[in-house]
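Colleague: Structure provided below as structure tokens; questions to follow.
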Amino acid sequence: MHFVVHRVRLLFYLLFIVWVKSDRSKLRPICTGANDCQCTKDVVICNEIAFTDNDELEPLRTPMLNLKSSFTAREAQFRKNAIAYLRQGGILPGHEKELVKLDFSFNHIYKIYPNAFDGMENLRVLKLSHNRLKNFNWTAFDGSLSWDLNELYLDFNQLKKLPNDAFRGLTNLKKLVLDYNEELQVTASVFGRSIQNLKSLSLDHCGFRTLDNNIFDELISLEDLSLRGNPITSIPHALSNMPTLVFLDLSFTQITEIQNTSISNDPKLKTILLEDTHYLYAIHDCGFCGLPALEELSFYNASQLYSIDKHAFGYDRDEEKKPNLKRLDLQFANLSELPVELFKEQKGIAVQLGGNPWNCTCENHFILKLDDGTSHIPPRCKYPKKLRNMTFDSLLPGSVCPRHVQIHRLFVSLAFLIAVLMVALLLYYLISTDRLRLRNVFYRPDMPHINYTNLSRDEPRNDVRNQPEVVASVQSS
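Residue numbers (mature numbering (1 follows the signal peptide of the UniProt record, and there is no 0)): -22 to -1, 1 to 455.
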């Protein structure tokens, strides 16, 4: 029976292809210079097309158009039309092998027939965003396409339950976008080994409240994962032990707490976004332990967040697993204080603190120097009352901790007095032990007034040795 069905299906496809080829001359020609599609370089642009038939505007309902064979179509855009389905041989017949990028966004597509993309062996990007797809069957991607497609966009459709191994055959798929399929149900069997080369997966606003623990186990190359806007109330266990994950977005979720090791053993995880998480109120002990590569953490507009444990990033004894953050965004949270231990091992970190009700006391004085100056609004004090609405950079020394300033001044004065006393004692010791003799350097003794006459060398000298009479008288006496 199965053999007969297969034969009938094959016969149907062959007849359809023959019909297409025989009827190609009847297809509507495009890029003829009229007010329809445009062909520039290697791009066919058929966006928001309305043909005039019998004085009435007829929207474009099919991509089965007659494009001259001399034109090479590497990209085709069919955005904002009334296309309802896609079938084999019905997309720019004769140009299938040339196509690298196809965009069917903002149409009415509700069905994709088997082998609809047959022959498109060079297709890399397929966009089916903003359509009416309720079911998805991998048979639409049968054929040569399975070896080359890199990006698949199925966001803003009406997909509900995906079949097991839904993307079978798409072995080169790198990016998959399923955002805003608001009743989507996925299990571990949906993401099979066929797409183990997938690097980016987006599941924003899909209505997930929980995720199977092993849902991502087969995605051994996954680097970017986005779960924005899902009503999950706690971090799923499925987000731990993901060895290749680099980027994780949990913004706009309903997570209330970051518990001990909620996310752990993700050795390459660099960025976590928890922005606009309006239910999040606390980050507990070791909430981000086991993430040694973590560099960026954002709680922007987590409007209820009021507590971050001093060991949220780990303990000193586990230094090899503690993250070395480069950026921490705490803008527009509900924080009034932070533990100083939180930043003990964080060197060179850029912190944004604007929009919080800070308590500018002596215990929190270190936060005055934390903000890197890039906050949307400058951080201000809310408490105590005398400092309310004052920005951190406008606070005068001593306004936050006047007692500390007084103690500092007293310490400096005391140190100066001790130094003077030590010098005085040293001088006294040197003088009393005659090791240091002092003299008056300004003393000048009185000297006798003696005049000396310089004798000329030519004047005779009255030497008594040259006067015999004088010598004789001296001897007689």
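The C-beta atom is built at its ideal place from N, Cα and C for all residues, glycine as well.
Buried or exposed: which applies to residue 183, given that a residue is buried once 16 or more other Cβ atoms fall within 10 Å of its Cβ?
Modeller: buried
Colleague: What are the residues that DSSP puts in a beta bridge with residue 359?
Modeller: 336
Colleague: Hey, is the stretch 222 to 235 in contact with the stretch 286 to 294, meaning 3+ C-beta pairs nearer than 8 Å?
Modeller: The stretch 222 to 235 makes no contact with the stretch 286 to 294; the number of CB pairs closer than 8 Å stays below 3.
Colleague: Quick one: residues in its chain with C-beta nearer than 6 Å to the C-beta of residue 197, no 5 flanking neighbours on either side, listed in chain order?
Modeller: 169, 176
Colleague: Compare the C-alpha of residue 463 against each of 143, 45, 172 and name the closest.
Modeller: The question about residue 463 has no answer, for the chain in this structure spans -22 to 455.
Colleague: Can you give the Cα-Cα distance for residue 248 and residue 301, rounded to whole angstroms?
Modeller: Taking the straight line from one Cα to the other gives about 9 Å.
Colleague: Compare the beta carbon distance of residue 60 and residue 85 with 8 Å and say whether it is the shorter of the two.
Modeller: Between residue 60 and residue 85, the C-beta spacing is below 8 Å.
Colleague: Taking the beta carbon of residue 114 as the centre, do at least 16 other beta carbons fall within 10 Å, making it buried, or is it exposed?
Modeller: Under this definition residue 114 is a buried residue.
Colleague: Locate the beta strand (DSSP E) running through residue 307, then write down its first and last residues.
Modeller: 305 to 307
Colleague: Shortest alpha-carbon distance to residue 214 belongs to which of 238, 222, 334?
Modeller: Taking only the C-alpha atoms, the option nearest residue 214 is 238.
Colleague: So what's residue 118 in DSSP terms, helix, strand or just coil?
Modeller: helix
Colleague: On the DSSP bridge list, what partners appear for residue 23?
Modeller: 16, 55
Colleague: Enumerate, from N- to C-terminal direction, the unbroken alpha helix (DSSP H) stretches of 4 or more residues contained entirely within the stretch 200 to 224.
Modeller: Listed in chain order, there is nothing to give.
Colleague: Quick check on DSSP: helix, strand or coil for residue 347?
Modeller: helix
Colleague: Run through DSSP, which three-state label would residue 399 get?
Modeller: Note: residue 399 maps to helix in three-state DSSP.
Colleague: In terms of residue numbering, what span does the beta strand (DSSP E) encompassing residue 276 cover?
Modeller: 274 to 276
Colleague: Which of the three DSSP states is assigned to residue 164 in this structure?
Modeller: coil
Colleague: Do residue 228 and the ligand GDP come close, with the Cβ less than 7 Å from some heavy atom?
Modeller: The ligand GDP is absent from the structure shown, which contains no ligand whatsoever.
Colleague: Tell me which residue opens and which closes the beta strand (DSSP E) that residue 83 is part of.
Modeller: It is not in any beta strand (DSSP E) - residue 83 carries neither H nor E in the DSSP assignment.
Colleague: Buried or exposed: which applies to residue 294, given that a residue is buried once 16 or more other Cβ atoms fall within 10 Å of its Cβ?
Modeller: exposed
Colleague: Helix, strand or coil, according to DSSP, for residue 186 in the structure here?
Modeller: Coil, per DSSP.
Colleague: Compute the beta-carbon to beta-carbon distance between residue 164 and residue 210, rounded to the nearest angstrom, for a pair I have assumed lies under 8 Å.
Modeller: Actually they are not in contact, since the Cβ atoms of residue 164 and residue 210 sit about 14 Å apart, beyond 8 Å.
Colleague: Which residue from 98, 131, 335 puts its Cα closest to that of residue 106?
Modeller: 131
Colleague: According to DSSP, is residue 236 part of a helix, a strand, or is it coil?
Modeller: Residue 236 falls in the strand class under three-state DSSP.
Colleague: Could you give the distance in angstroms between the alpha-carbon of residue 174 and the alpha-carbon of residue 330?
Modeller: 38 Å
Colleague: In the DSSP assignment, what are the bridge partners of residue 330?
Modeller: Looking at the DSSP assignment, residue 330 forms a beta bridge with 307.
Colleague: Just grab the DSSP bridge partners of residue 227 for me.
Modeller: 204, 251
Colleague: Counting C-beta neighbours from all protein chains within 10 Å, is the total for residue 358 16 or more, i.e. buried, or is it exposed?
Modeller: It counts as buried.
Colleague: Ends of the beta strand (DSSP E) at residue 131?
Modeller: 129 to 131
Colleague: Going by alpha carbons, who is nearest to residue 338 out of 118, 319, 313?
Modeller: 313
Colleague: Suppose contacts are defined by Cβ-Cβ distances below 8 Å. Is residue 25 in contact with residue 75 by that definition?
Modeller: No.
Colleague: Closest by CA to residue 77, which one among 83, 104, 220?
Modeller: 104
Colleague: Tell me which same chain residues have a C-beta within less than 7 Å of the C-beta of residue 189, skipping the five on either side of it?
Modeller: 214, 216
Colleague: Using CA coordinates, which residue listed in 220, 268, 203, 117 is at the minimum distance from residue 155?
Modeller: With distances taken between CA atoms, residue 155 lies nearest to 203 out of 220, 268, 203, 117.
Colleague: Considering only the alpha carbon of each residue, which of 256, 317, 361 lies closest to residue 282?
Modeller: 256
Colleague: Assign residue 271 to one of three DSSP states: helix, strand, or coil.
Modeller: coil
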